[in-house]
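Chemist: Okay, handing you the structure first.
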Amino acid sequence: MEYILYGSQTSPFVRRIRLLLGDTSYEFKEINPFDTEGASELNKINPINQIPLLVAGEQTIWDSRQIFNYLNSFHRYQNMDWDDENLLTAIDGAVSSAVSLMLMKRSGFEIDENVMFLNRQRDRIESILDYLKPYLKSEALKNWNFHTMTLYSFLDWAVFRELIGLDKRPECVEFLNKYKNLPIVIKTQIPKA
Ligand SMILES: N[C@@H](CCC(=O)N[C@@H](CS)C(=O)NCC(=O)O)C(=O)O
1 MEYILYGSQT SPFVRRIRLL LGDTSYEFKE INPFDTEGAS ELNKINPINQ IPLLVAGEQT
61 IWDSRQIFNY LNSFHRYQNM DWDDENLLTA IDGAVSSAVS LMLMKRSGFE IDENVMFLNR
121 QRDRIESILD YLKPYLKSEA LKNWNFHTMT LYSFLDWAVF RELIGLDKRP ECVEFLNKYK
181 NLPIVIKTQI PKA
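Numbering (this note's numbering), first residue to last: 1 to 193.
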């Protein structure tokens, strides 16, 4: 099956799918949902106007979690019980909140402001990172799998965008250091320019 993945080189939701696909052959079609041309192109193929989306033959799949479910059903990357689903949902929650903060920042808001929406996003990210702390040393987050790919994509991107600081989170720094030299991580690096 030849896959086409639509996405950007910066999006953490896209990167986790690129990490998952690894050496699998696929075409990467770059699309920027935040410029006029990209947004219009995207809207023709996804009414949610978000990346990533995957085209697999006749089948189009929106949403990175659904793309994972789809690919996992064929490639059998990992078994998922309800605890695994919850853990992934927690990491996804941090990514979604950080994406919201990034959109607010790009819209000209000071994201440190004490207003309910921003407080909720910042608190959720911190709460999830607190929750993940014991997991970082446990089986669940010890190996390179979709959970660790998602967490890696999130932390690397959120630090790059200056949405979070890791000064008080050495376990997250250690986690990033553990995986940063993997060839697929280097291949999917966020362009710094
Ligand atoms: N739940 C979606 C979220 C995807 C998402 O938020 N993508 C961002 C880029 S990181 C996006 O396309 N944002 C454009 C927008 O929301 O207008 C997924 O997991 O694929």
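Using N, Cα and C, we set each Cβ at its ideal position, and we do this for glycine too.
Can you tell me the Cα-Cα spacing of K180 and R15, whole angstroms?
Modeler: K180 and R15 have their C-alpha atoms spaced approximately 14 angstroms apart.
Chemist: Less than 8 angstroms between the CB atoms is what I'm expecting for E30 and S8, so what's the real figure, rounded?
Modeler: 6 angstroms
Chemist: Assuming contact is defined by CB atoms lying nearer than 7 angstroms, are N43 and W62 in contact in what I supplied?
Modeler: no
Chemist: Could you please give the first and the last residue of the uninterrupted beta strand (DSSP E) stretch that includes I61?
Modeler: Q59 to W62
Chemist: Please classify I45: does DSSP put it in a helix, a strand, or coil?
Modeler: helix
Chemist: Answer with buried or exposed for T24, where buried requires no fewer than 16 other C-beta atoms within 10 angstroms of its C-beta.
Modeler: Exposed, since its Cβ has fewer than 16 Cβ neighbours within 10 Å.
Chemist: Determine the burial state of Q121: buried for a count of at least 16 other Cβ atoms within 10 Å of its Cβ, exposed for fewer.
Modeler: buried
Chemist: L166 and V173 - do their beta-carbons sit closer together than 7 angstroms?
Modeler: yes
Chemist: Tell me which residue opens and which closes the beta strand (DSSP E) that F28 is part of.
Modeler: It spans Y26 to E30 - the beta strand (DSSP E) in which F28 sits, taken as one unbroken run.
Chemist: Run the proximity test for D83: is its beta-carbon closer than 6 angstroms to any non-hydrogen atom belonging to ligand 1?
Modeler: no
Chemist: Over what stretch of residues does the beta strand (DSSP E) that includes A90 continue unbroken?
Modeler: Segment W82 to R106 is the alpha helix (DSSP H) holding A90; no beta strand (DSSP E) there.
Chemist: So what does DSSP say about G165, is it helix, strand or coil?
Modeler: If DSSP states are grouped into helix, strand and coil, G165 belongs with coil.
Chemist: Just to confirm the assignment, what range does the alpha helix (DSSP H) spanning I4 have?
Modeler: Run containing I4: none in the alpha helix (DSSP H); it sits in the beta strand (DSSP E), Y3 to G7.
Chemist: If F175 sits next to P12, beta carbons under 8 angstroms apart, how far is it from one beta carbon to the other, in whole angstroms?
Modeler: 15 angstroms between Cβ atoms; not a contact.
Chemist: Within this structure, are the beta carbons of A56 and Y3 separated by less than 7 angstroms?
Modeler: yes
Chemist: Is it true that the CB of R169 sits closer than 7 angstroms to the CB of M102?
Modeler: no
Chemist: Touching or not, the region 86-93 and the region 129-137, by the rule of three or more beta carbon pairs under 8 angstroms?
Modeler: Contact annotation: the region 86-93 touches the region 129-137, with at least three C-beta pairs closer than 8 angstroms.
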